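Sequence order for the protein chains is P and R. If you number the first sequence the way my numbering does, the last residue is 239 and the count never jumps. If you number the second sequence the way my numbering does, the last residue is 239 and the count never jumps. Glycine residues also receive a C-beta, built at the ideal position from the N, C-alpha and C atoms. Keep in mind it's a predicted model, so treat the numbers as computed, not measured. See structure below.
2 protein chains.
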Amino acid sequence: MPAELFSIKMKNKKAPVVTIPRLSFYYRALMEKSDTQFVSSQELAELTGTSAAQVRKDFAYFGQFGAAGKGYRVDFLKNSITRILGVDKKWPVALVGVGNLGSALLSYKGFLRQGFHVVAAFDSDEEKIGRELAGVIVQNIDALKDEIKLKKIKIAVVTVPQQAAQDVIDKLVRSGIKAILNFAPVRPRAPKSVEVHNIDLSIELERLAYFLSNSPRRIFGAH
Amino acid sequence: MPAELFSIKMKNKKAPVVTIPRLSFYYRALMEKSDTQFVSSQELAELTGTSAAQVRKDFAYFGQFGAAGKGYRVDFLKNSITRILGVDKKWPVALVGVGNLGSALLSYKGFLRQGFHVVAAFDSDEEKIGRELAGVIVQNIDALKDEIKLKKIKIAVVTVPQQAAQDVIDKLVRSGIKAILNFAPVRPRAPKSVEVHNIDLSIELERLAYFLSNSPRRIFGAH
Chain P
17 MPAELFSIKM KNKKAPVVTI PRLSFYYRAL MEKSDTQFVS SQELAELTGT SAAQVRKDFA
77 YFGQFGAAGK GYRVDFLKNS ITRILGVDKK WPVALVGVGN LGSALLSYKG FLRQGFHVVA
137 AFDSDEEKIG RELAGVIVQN IDALKDEIKL KKIKIAVVTV PQQAAQDVID KLVRSGIKAI
197 LNFAPVRPRA PKSVEVHNID LSIELERLAY FLSNSPRRIF GAH
Chain R
17 MPAELFSIKM KNKKAPVVTI PRLSFYYRAL MEKSDTQFVS SQELAELTGT SAAQVRKDFA
77 YFGQFGAAGK GYRVDFLKNS ITRILGVDKK WPVALVGVGN LGSALLSYKG FLRQGFHVVA
137 AFDSDEEKIG RELAGVIVQN IDALKDEIKL KKIKIAVVTV PQQAAQDVID KLVRSGIKAI
197 LNFAPVRPRA PKSVEVHNID LSIELERLAY FLSNSPRRIF GAH
């Protein structure tokens with residue numbers, strides 16, 4: 017095991033949670049720098065809308081990536097970030113709820129690009145069960161546990177209606193799921209060992225409406 | 017103007033940004049309490065997964081809602097929250113980028129429930145222009161500015177590919193849009209007077225992958 021990798025592993029735990037999305041942004045910026053060997057913290061900062069000091073601080077959590085006076089080695093940095101983020105692996109994903117949002121996510125290409133493969137989809141609607149969508153056959157939700165265990169799935173995307181969400185998440189937890197991306201407009205309960213991220217589109221819109229309703233200059237958009 | 021409303025308006029500016037999504041959660045909890053006249057901060061806390069002290073603190077930013085010993089009046093609280101959030105109004109919304117995510121959002125019922133009406137949709141793809149989706153005819157992106165001004169639209173949802181995002185957001189800003197919900201995987205530049213919220217699905221998945229890759233007990237989900 018090379019020394020750098022070891023130092024990444026060792027230092028990993030100190031990084032605050034807000035660093036992780038920034039690593040994703042650095043990674044995307046680096047993807048566009050395939051023509052150069054080195055990149056400076058200043059350049060990375062400009063490409064991602066942060067400061068050079070922040071870039072250096074973020075990388076320092078994971079080890080020593082820079083060469084004095086030269087900046088960071090692009091290739092090494094890219095590999096390190098994919099390893100830190102865990103996107104150098106293939107992640108099998110289960111999707112529960114094949115409504116209009118669920119269907120869209122099934123064919124969303126951004127998932128695949130990052131190594132996320134939706135390998136199972138579930139619904140309780142007889143109309144949807146048995147249908148094929150983006151190469152995946154929709155299964156009865158009763159098959160959830162067996163399928164998740166069989167395919168060793170650890171990540172689930174939840175796109176069911178509000179009333180069904182907690183029940184589905186309980187089922188996923190009992191089936192061994194460890195990370196959930198939840199789109200249902202609830203704050204579900206889950207054990208601490210399971211990481212749940214909520215994306216609530218209505219709440220995002222309400223925040224925007226709040227901004228427009230309360231902005232200093234009166235805006236006459238709503239009627 | 018009743019005294020309560022005045023006090024809401026006056027105190028409004030002090031509320032920290034994290035309070036707003038909690039108001040959305042309180043509101044949903046209140047929707048299920050239509051059978052009772054009063055609700056306690058403890059009850060609201062349990063329904064929304066926060067503490068009674070937090071509930072009281074959040075409402076205190078906007079004025080006096082509680083009656084000593086009785087808790088909050090459900091009806092008054094509901095009306096106040098809709099007014100604070102600005103969702104008592106109808107918000108015309110423009111959607112730019114009618115790919116699979118954009119199409120799903122066009123027919124997403126959660127928007128309508130909160131008073132958000134997608135009244136215009138745009139794309140640059142000749143194949144899509146002229147088609148009707150969820151009652152809206154997809155227009156050429158060249159018509160963006162005129163249509164936004166004509167329909168007095170202040171909110172836009174952006175679901176275009178990464179490369180097109182900044183250009184589209186510049187166009188929206190020039191057309192008078194004041195709030196943007198951006199799904200394109202970039203951190204777009206925009207003037208301070210325009211509120212941009214980014215929802216980046218890939219980054220959410222990368223955060224989950226990071227969690228799984230770095231969780232204390234080794235998880236053998238990825239291969």
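- Flagged as an interface residue toward chain P: R/L217, by a C-beta distance shorter than 8 Å.
- DSSP places R/P108 within a strand segment (E or B) once states are collapsed to three.
- From the beta-carbon of P/I164, no residue of chain R is found nearer than 8 Å; the closest lies around 10 Å away.
- Listed as beta-bridge partners of R/I196 by DSSP are R/A172, R/V212.
- At a cut-off of 8 Å between beta-carbon atoms, P/H213 makes contact with chain R.
- With respect to the 8 Å criterion, R/L101 and P/Y226 are classified as neighbours on the basis of their beta carbons.
- Assigned with DSSP and collapsed to three states, R/G65 falls in coil, not helix or strand.
- The beta-bridge partner set that DSSP reports for R/N116 is empty.
- Under DSSP, R/Q155 takes part in a beta bridge, and its partners are R/F138.
- Contact annotation for R/T64 against chain P: R203 [CB-CB distance below 9 Å, chain order].
- By a beta-carbon distance limit of 8 Å, P/L160 does not contact P/S119. Their separation comes to about 18 Å.
- For the 8 Å CB-CB criterion, P/L46 and P/L111 do not form a contact.
- Around the beta carbon of R/G85, a 10 Å sphere encloses fewer than 16 other beta carbons of the protein chains shown; the residue is thus reported as exposed.
- With contacts defined by Cβ atoms closer than 8 Å, R/L224 and P/L121 do not form a contacting pair.
- When the five nearest sequence neighbours on each side are left out, the beta carbons in the same chain lying within less than 8 Å of the beta carbon of P/I153 are those of A137, G146, R147, in order along the chain.
- Its chain contains T175, F199 as the residues whose beta carbon lies nearer than 7 Å to that of P/L117, once the 5 sequence neighbours on both sides are disregarded; these appear in chain order.
- Contact annotation: R/S56 and R/G87 have beta-carbon atoms nearer than 8 Å.
- Contacts between P/Y88 and chain R, judged by CB atoms closer than 8 Å, are missing: the closest CB pair is about 19 Å apart.
- For R/R190, no Cβ of chain P is located within less than 8 Å of the residue's own Cβ.
- With 16 or more other Cβ atoms inside 10 Å of its own Cβ, P/A31 counts as buried.
- Using a Cβ distance threshold of 8 Å, R/F81 and R/S96 count as a contacting pair.
- R/Y124 is not a Cβ neighbour of P/L221, given a cutoff of 8 Å.
- Residue contact with chain R for P/A225: present (Cβ-Cβ distance below 8 Å to some residue of chain R).
- P/L188 is classed as buried because its beta carbon has at least 16 other beta carbons within 10 Å across all chains shown.
- Looking at P/G65, P/P37, P/S140, P/L60, the one whose alpha-carbon comes closest to that of P/V103 is P/P37.
- Taking all protein chains shown into account, P/L228 has 16 or more neighbouring C-beta atoms within 10 Å of its C-beta and is therefore buried.
- Close CB contacts of P/R203 within its chain, under the 7 Å cut and outside five residues either way in sequence, are with N214 (chain order).
- Closer than 8 Å to the CB of P/G113 there is not a single CB belonging to chain R.
- Put simply, the backbone Cα of P/Q178 is about 6 Å away from that of P/P201.
- Among the CB atoms of chain P, none fall inside 8 Å of the CB of R/L93.
- Of the candidates P/E48, P/K49, P/T35, P/L63, the residue whose Cα lies closest to the Cα of P/F75 is P/T35.
- Under DSSP, R/E148 takes part in a beta bridge, and its partners are R/I153.
- Going by DSSP, P/Q130 is part of no alpha helix (DSSP H) at all; its letter is neither H nor E.
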